[in-house]
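Chemist: Position 251 (the sequence shown) corresponds to 261 in our numbering; numbering is contiguous. For each residue, glycine too, the CB sits at the ideal point set by N, CA and C. Please read these numbers as outputs of a predicted model, since none were measured by experiment. Mind having a look at this structure? Questions to follow.
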Amino acid sequence: MAPRAASPLIGQPPALRELPASEFADGPGPGALYRGSPGPWWRAATLPVSIAALAGPVVALLTPWALAPLLGLALLLAVPGHWREQRALPFAPFGAALVPLALAGWAGLSALWAPDPGRALASVGVLAAAALLGGLGAAVVAEDRPAARRALGACVALGLGGGLALALSGLASAATMPGPGPAAGLIALLPPLMLRLRLAGPWRWLLLALATGGALLLPDEAAGLAALAGAGAALLVGLGGRFVSALLALLLAGAVMATPVLLPRAMPDRVPGASPAELQRLLTWDFALEQARRLPLTGWGAEASHNLPGAHASPTPESLARLGIPAEARNQLLAAGAERMPTHPQNAAVQIFLELGWIGLGLAALAVLALGWGAGAAGAGVLAAAAAMSLAVGAWEPWWLAAQAFAGAVAAGLSARRV
């Protein structure tokens, strides 16, 4: 009988026998994330991102206008920090984050026929900056030291907890969240990031459940539903792996493309029992889809929602009949001075279809598919939460673009496993 071959680990130093394969491995050797000797915490490239994660929810509650500059500046400052530490620009396989640049390019081209070219180009610049900073931020987070990544995860958890505590304790005035706004939108995106904390699996899922429950208690139904969608997607991907993640990305991209077809059929079913504010939103969607059919391929141009002819007129009898709004509710709406579309459609997919046509909607669906394909549980959860929240916010809101870029960068960066 031939002697058993000796293990290649026999005679090796103890450090090599252990073969730490955890994504949280800190030491040198075959660990997954070792980056070299640890440095002082204040030199970490992700320090600005950690500060923004810690302060973001509270800032969004108290001074909503400051959220977009805070998150954008944090991602921007992380790039020179990465250069200082690594002597290289951040690069990682997050090319999917650049796909929204194609949407920004088409939106920029649409400024040629947009009613307000200056406003269109300003929104295009914000979209392009969010896409670029999101990709760079994901690379910085992925390539930073393990201790800095752990600190970032802790800051996300503490910031989310502080924001929820402030919102639920009544210290923040209800006026700071009159509807889907910066505070509610950011809080809805963050719960899936609890899965990237350096804790045992059950504790991470417990924190996800607690954060989702807190978001459901907010005085913003859209944010609660978005947080619930994010938690559900994270759970499905956590159980089913990358195949489920790819399937979820396909479903979300398909939902984006199907919005102009399915939404008109679903709107009459929402009329019974709807509040005046909900009826106004349905009228806005109906007007936006009606106008979109006039220029279905190219749309009216970026930010055209604010300058469409007839947008501020009273709802037409045809629109009221199409939705099946009862006579009593019609009279209340007309007496209150309801308009066909007071500002913008308050639905990202409808707004993109109205302003950029089928071409823009196809690029948006491609971006969703690219960002979600094969994402981990945290990334899939953030994407699902963003998709759900987009049903109630404008496509080009600076705070919303910044919040998506920030949460997506942190989720993608913390989910990366680098050898």
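#1: Ordered along the chain, which non-local residues of its own chain (more than five positions away) have a Cβ less than 6 Å from that of S60?
#2: In angstroms with no decimal places, state the Cα-to-Cα distance between L178 and G195.
#3: Around the C-beta of W75, are 16 or more other C-beta atoms found within 10 angstroms, so that it is buried, or is it exposed?
#4: Please list the terminal residues of the continuous alpha helix (DSSP H) segment that includes E300.
#5: Hey, is the segment 246-257 in contact with the segment 226-236, meaning 3+ C-beta pairs nearer than 8 Å?
#6: Could you round the C-beta distance between G147 and A397 to whole angstroms and report it? I think they count as a contact, below 8 Å.
#7: Buried or exposed: where does S315 fall if 16 or more other Cβ atoms within 10 Å of its Cβ makes it buried?
#8: Between the alpha carbons of G334 and A345, how many angstroms are there, rounded?
#9: Once the 5 residues before and after P125 are set aside, which same chain residues still bring their CB inside 6 Å of it?
#10: Quick check on E407: buried or exposed, where buried means 16 or more other Cβ atoms within 10 Å of its Cβ?
#11: I'd like to check one pair, V378 with L292: are the Cβ atoms closer than 8 Å?
#12: At the level of alpha carbons, what is the spacing between F363 and A141?
#13: Starting from the N-terminal side, write out each stretch of the alpha helix (DSSP H) that is 4 residues or longer and does not extend beyond the segment 367-401.
#14: Which one of G320, T326 and G309 has the shortest CA to CA distance from W368?
#15: Should L227 be labelled buried (16 or more other beta-carbon atoms within 10 Å of its own) or exposed?
#16: If contact is defined by three or more beta carbon pairs under 8 Å, each pair taking one atom from either stretch, is the segment 350-360 in contact with the segment 316-330?
#17: Contact check, A312 vs L366 under 8 Å by CB: the rounded distance?
#18: Which same chain residues end up closer than 6 Å to A415 when comparing Cβ atoms and leaving out the 5 residues on each side of it in sequence?
#19: Could you give the DSSP three-state label for Q356: helix, strand or coil?
#20: What is the DSSP secondary structure of F363, counted as helix, strand or coil?
#21: Once you ignore the five residues that flank V247 on each side, which residues in its own chain have a CB closer than 6 Å to its CB?
#22: In the DSSP assignment, find the unbroken alpha helix (DSSP H) run with W215 in it and report its ends.
#23: Identify which residue in V392, A331, W410 and L343 has its Cα closest to the Cα of N357.
#24: Measuring only the C-alpha atoms, how far is A193 from A117?
Modeler: Concretely, from the data shown:
#1: Contacts found: A161, L162 and C165.
#2: Per the coordinates, the alpha-carbon of L178 lies some 15 Å from the alpha-carbon of G195.
#3: Its Cβ having fewer than 16 others within 10 Å, W75 is exposed.
#4: Run containing E300: P286 to A302, per the alpha helix (DSSP H) assignment.
#5: With the cut-off at 8 Å, the segment 246-257 and the segment 226-236 do not touch.
#6: With a Cβ gap of about 20 Å, G147 and A397 do not count as contacting.
#7: S315 is buried by the Cβ-count criterion.
#8: Going from the Cα of G334 to the Cα of A345 covers about 18 Å.
#9: For P125, where only same-chain residues beyond five positions count, the Cβ hits under 6 Å are A314 and N317.
#10: Buried, since its Cβ has 16 or more Cβ neighbours within 10 Å.
#11: No, the Cβ-Cβ distance between L292 and V378 is not below 8 Å.
#12: Here the alpha carbon of F363 sits roughly 20 Å from the alpha carbon of A141.
#13: 387-399, all fully within the segment 367-401.
#14: For W368, the nearest C-alpha among the options comes from G309.
#15: L227 comes out exposed.
#16: Result yes; three or more Cβ-Cβ pairs closer than 8 Å.
#17: Rounded, the Cβ-Cβ distance is 7 Å, consistent with contact.
#18: Apart from the 5 residues on each side of it in sequence, A415 sits with its Cβ closer than 6 Å to the Cβ of A140, L143 and G144 in its chain, given in chain order.
#19: If DSSP states are grouped into helix, strand and coil, Q356 belongs with coil.
#20: Helix at F363.
#21: For V247, where only same-chain residues beyond five positions count, the Cβ hits under 6 Å are V254, S255, A387 and A390.
#22: Here the alpha helix (DSSP H) through W215 covers G211 to L226.
#23: Among V392, A331, W410 and L343, the Cα nearest to that of N357 belongs to W410.
#24: Between A193 and A117, the C-alpha separation is close to 27 Å.
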